Every structure is written in C-alpha cells, then in structure tokens.
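Residue numbers (the UniProt record's numbering): 1 to 444. Below is one structure, written out as structure tokens, with a few remarks after it.
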Amino acid sequence: MLRSLNLTRYGSRDWHLREKAQAHIKYGDTWALVTPGQIWLNVANPEAIVDIFQRRTQFTRPVELYQMLNVFGRNVSTVCWVEWKSHRRIISAPFNELGEQHCMDTRTVSLNVLAATGFSRSYRFSESRASDEHDGVSGYWAALMTLMDNSLFMQLVLRATCSLPFAPALWGKIGEAADNFKDHLASSLLRASEEYSHEKQSISTNSKGLTIDELLGNIYLINIAGHDTTANTLAYSVVNLAMRPDVQNWLSEEIKAVVGDDPSETWNYESTFKHLKRPLAIMYETLRLFPPIMAMPKFTGDQHQSLFINDSIITIPSNVYVVPSLLAVQSHPSYWGEDALEWKPSRWIDADNGFVVPRKGTYLPWSDGAQNCPGKKFSQVTFVAVVASLFRFHRVHPLCADGESDEELKARLHKTVEEISHGVLLRMKDADSVRLSWTLHTDL
1 MLRSLNLTRY
11 GSRDWHLREK
21 AQAHIKYGDT
31 WALVTPGQIW
41 LNVANPEAIV
51 DIFQRRTQFT
61 RPVELYQMLN
71 VFGRNVSTVC
81 WVEWKSHRRI
91 ISAPFNELGE
101 QHCMDTRTVS
111 LNVLAATGFS
121 RSYRFSESRA
131 SDEHDGVSGY
141 WAALMTLMDN
151 SLFMQLVLRA
161 TCSLPFAPAL
171 WGKIGEAADN
181 FKDHLASSLL
191 RASEEYSHEK
201 QSISTNSKGL
211 TIDELLGNIY
221 LINIAGHDTT
231 ANTLAYSVVN
241 LAMRPDVQNW
251 LSEEIKAVVG
261 DDPSETWNYE
271 STFKHLKRPL
281 AIMYETLRLF
291 PPIMAMPKFT
301 GDQHQSLFIN
311 DSIITIPSNV
321 YVVPSLLAVQ
331 SHPSYWGEDA
341 LEWKPSRWID
351 ADNGFVVPRK
361 GTYLPWSDGA
371 QNCPGKKFSQ
381 VTFVAVVASL
391 FRFHRVHPLC
401 ADGESDEELK
411 ARLHKTVEEI
421 SHGVLLRMKD
431 ADSVRLSWTL
441 HTDL
C-alpha cells in the first residue's frame, strides 16, 4: 500500500534498481523529487547528462555526501576540484592496464588481483585465506577482507569506539583489522619512500604530494572501489551466465579461438586482451543492468544553472541536487530497444565482429568527464582475464533446491539478482542462496 505512494516508492535505497527507466518513461527525461529538506532533479537525457559531467565547476560533486568515506583520511572522492587533480594524478599510476601482468570466490579473485597490482602482495587463490588464518585479522589479506565485509560499518561508526570496553566483539575485530591494515599500508609506504630516495634524482620535486593520512585514505578508497565493484560485477555475470548456457557456448567459442590451449601464464595484454571481445561484452552488459552505482548526484551550489533538454532550456535553482539517472538511461527502451531489460551480451558485438560503441550519454558505469573512474581499464582487464580463465574449458550450472522445478529455479535466480543489500555498492542481498556447479566442458 505504502509502496504505491511516491514518498516511499522513490525513498528507498533500491528504487533505482526496482524502477530502472519506468519513472522517466512515466514522467519524462527530467523529474524532481521534492522533500522538506532538499530537491533532487533526476535526469535521463543523454545530451544533458554529458553536459552535466562536462560542466564540473557548475554541476559540482557534492563532497559533503561522501565524507563518510574519510575512514583513514581525505581522498579523491571527498576533496574539492582544486585538490582532486593532485589526488587523481598520484593514485592513477599503479592502476593502468599494464599492471594486469600480475594476472571460485569472485571477491577473493578480485582482491588478489588488486593486492598484487597495487600493493605488491601476491596470493594464490587457494592460499589467500589459509595464509592469514593463523594470524586472525593481523595478516594483510584477512585485515583487508574484514574491512571490505564491513565497509558500511567503517563509514558510519568512529574507529575509536571499536576498542571501548563495552563494544561488541565484532566491533573489536573490525577495529583490530583497521589498525592492522593501516600498519600494513604504513610498511608499504616506508618501502616506497626508501625506493624513492634512490630514484628521486630522476623525479620532479615541484609537484605537491599528499599527506600520509591522504595516502591512506586513497588506498582505502581504491580497495573499496577497485575491489568490490569488479567482484560484484563478476558475481552478477556468473549468475546470469548460469541461466544462459547458450551465452556460455558463445563466450567459450571466442576464448578458445584466441588463446587455444596456451597456459594462462603466457597471456598478455597486447596479444590476448584486445582480441577477447565477448568476455568484455559480458562485462558491459552486466554493468548496463547492474551498475555498482546507479545514480551520481551533482550540485548546483549557490547559483542557478541552465540545462538544454529536448530543444528547451530549463533553469535549475541554486542548492539543488541534479542526479544523472545512470541505470535509467542504460535501461531505457528509447536507447536500447524493446529488449532493453534483457541481459543480452551479443548486443555489444556488431555484424563485422566489432565492439559496439553506444550513443554518448547512454552508458556510464565508469562515470564520464574529467572525474571519471581512473580504474576503468584496470577493471576491464581483470574481468576479461578471470572470465576467460573460467569459461575456456568449463561451464557453470545452477542447482535446483529440493523439489524445485526448472521454472521455479529460473524465477528464483531472477529474483536474487534483483534484490540488493543496502551496502555502499550494488550487491546481491542473498547471493549465498544460489548454488552453482562447475563442470569440465566435454566438447573440446
């Protein structure tokens, strides 16, 4: 009953996933949600969205909404534009595609790649948990995974409260993980400082660096954004693939054509990644319907702003949140056809086996403009490498519950991917309810 009222319909955290493009189909390319405290203008017009992202000094990132990310210190998501450039330049370097030369629990895979590439901490998949098991949360991997599993808690609760005598045991474990993770980062920074002291003669000393807290803050953010986004995308992809054996065959066909029987250790960026278009299509299609961030608010500040939409100029008052509706524009039938809500990776490959470039402003999982995601290529190479390794010789199948028919199984899987947990990023609420079986594909 209450859900039928707009107040609750657009007030819950999952409304973007639930509604997708429906609100914009009903109300138009722009519509406003007016509350006693604020006005939120939702925008699903491609040209207007591009304009918003390009006008970064007029439609600014509302950093006040991101302050809870300052768990260890200020970072690239929480500083103003002037400071942002210094943060972005420093944190981007380790996470380009060449870092992927380091290259099933999707969170473990993603975390291991991130640890190896960004922080020189290498783990084999089977050793990740075991290597730190005897140390509790003191080891790097265990400390980081504990923080990832409790990232929302870390952003809402002061770390100092975790060590109070009356704090629950779980709080103490999280606080210990935070302290140990910070110690590991400090050790990494010390090693980097020693290496720099030997190389500083070849490095410009004119650029302003970051403080220790800012470095720690950015490293924490990289782990949140660089790990869970890719891990969740892998999870959504595997579940969708499990429902589509035809897509698995289509995917495997290209993987075997590109890499054959070559050991994965011999794969490299130039000869492998650029030719694996279908794994990338899996990623793009999954991100189209299940983006980690479903909307990205901007702010007009203390001045009104104008926006050109559908041959008209609208004037937006000051102090209004302007929200590019990313998921809405990525699932709108006007831009993606009548099958816009169907998970269909083949839409990304054209008749000439080229990769389809979507209309500008209709696909933005890595944001857009100058403040787009610095880890875009890193995430793509990680995803493609993992998917190519998994599906070259294997297939995944969903397992029915006792007494469950195939139709009931399919309905349950669809329900699972549409229900999300209320964490920092889009994540399946009950992923553990999906039981999967991996088998060696016999048609080799």
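A virtual CB, placed ideally from N, CA and C, is assigned to each residue, including glycine. These numbers come from a predicted model, not from an experiment.
Beta-carbon proximity of residue i to residue j, cut-off 8 Å
i, j, result
"L364", "D51", "no"
"L409", "H16", "no"
"V357", "I349", "no"
"R56", "G369", "yes"
"M294", "P324", "no"
"E214", "R18", "no"
"L399", "F290", "no"
"T229", "T382", "no"
"T416", "D402", "no"
"S39", "Y321", "Reading off the sequence, residue 39 comes out as Ile, not Ser. Going by C-beta atoms, I39 is nearer than 8 Å to Y321."
"T35", "V43", "no"
"L216", "K256", "no"
"K20", "S421", "no"
"P279", "V384", "yes"
"F53", "S367", "yes"
"S86", "L210", "yes"
Neighbourhood of residue i by C-beta distance below 6 Å, restricted to the same chain and skipping five residues each side
i, result
"Y220", "V71, F72"
"T315", "H304, S306"
"P333", "A340"
"P317", "H304"
"W171", "C162"
"I313", "S306"
Residue interval of the beta strand (DSSP E) (run including residue i)
i, result
"F308", "305-309"
"W250", "That residue, W250, is in no beta strand (DSSP E); its alpha helix (DSSP H) goes 245-259."
"R395", "394-398"
"V323", "321-324"
"T300", "That residue, T300, is in no beta strand (DSSP E); it is neither H nor E in DSSP."
"I293", "Element bounds for I293: n/a, residue is neither H nor E."
"T315", "312-316"
Residue i - containing alpha helix (DSSP H), residue span
i, result
"W15", "15-19"
"L436", "First-last for L436: 436-440, but that is the beta strand (DSSP E), not the alpha helix (DSSP H)."
"I216", "The sequence as given places Leu at residue 216; Ile does not occur at that position. Per DSSP, L216 belongs to the alpha helix (DSSP H) from 212-223."
"R288", "277-289"
"S237", "229-242"
"T416", "406-418"
C-alpha distance - residue i paired with residue j, whole-angstrom precision
i, j, result
"D406", "Y284", "28 Å"
"V387", "V259", "13 Å"
"D179", "T60", "33 Å"
"I222", "K277", "26 Å"
"Y10", "K298", "18 Å"
"L144", "A177", "7 Å"
"R107", "E419", "Because R107 carries a pLDDT of 48, less than 50, the predicted location of this residue cannot be relied on, and no value is offered for it."
"M148", "L164", "22 Å"
"T8", "N249", "43 Å"
"S264", "Y27", "50 Å"
"I282", "A48", "28 Å"
"N319", "K377", "34 Å"
"P168", "Y66", "27 Å"
"F273", "G301", "42 Å"
"P345", "N353", "13 Å"
"S379", "G226", "7 Å"
"A81", "G37", "Before going on, a small fix: residue 81 reads as Trp here, not Ala. The alpha-carbon atoms of W81 and G37 are separated by roughly 25 Å."
"D262", "E338", "40 Å"
"E254", "S187", "43 Å"
"Q58", "L33", "21 Å"
Sequence-distant residues of its chain with Cβ nearer than 8 Å to residue i (five each side left out)
i, result
"S126", "At S126 the pLDDT is 48, less than 50, meaning the model places this residue with poor confidence; the figure from the coordinates comes in the next sentence. Hits under 8 Å: none found."
"P46", "V329, Y335, R359, K360, G361, T362"
"L413", "V239, A242, M243, P398, V434"
"T266", "none"
"N310", "D29, N45"
Neighbourhood of residue i by C-beta, 7 Å cutoff - its chain only, sequence neighbours within 5 removed
i, result
"L440", "F393, H394"
"N150", "I174"
"N232", "P292, L425, L426, R427"
"L287", "T233, P365"
"W438", "H394, V396"
"L69", "N75, S77, T78, Q155, L221"
"W343", "N240, E285, L289"
Any non-hydrogen atom of the ligand NAD closer than 7 Å to residue i Cβ
i, result
"E47", "The ligand NAD is not among the ligands present in this structure, which contains no ligands whatsoever."
My parser needs the beta strand (DSSP E) runs of 3 or more residues fully inside the segment 330-376; what are they?
none
Length at least 3, wholly inside the segment 16-88: the beta strand (DSSP E) runs in chain order:
30-34, 39-43
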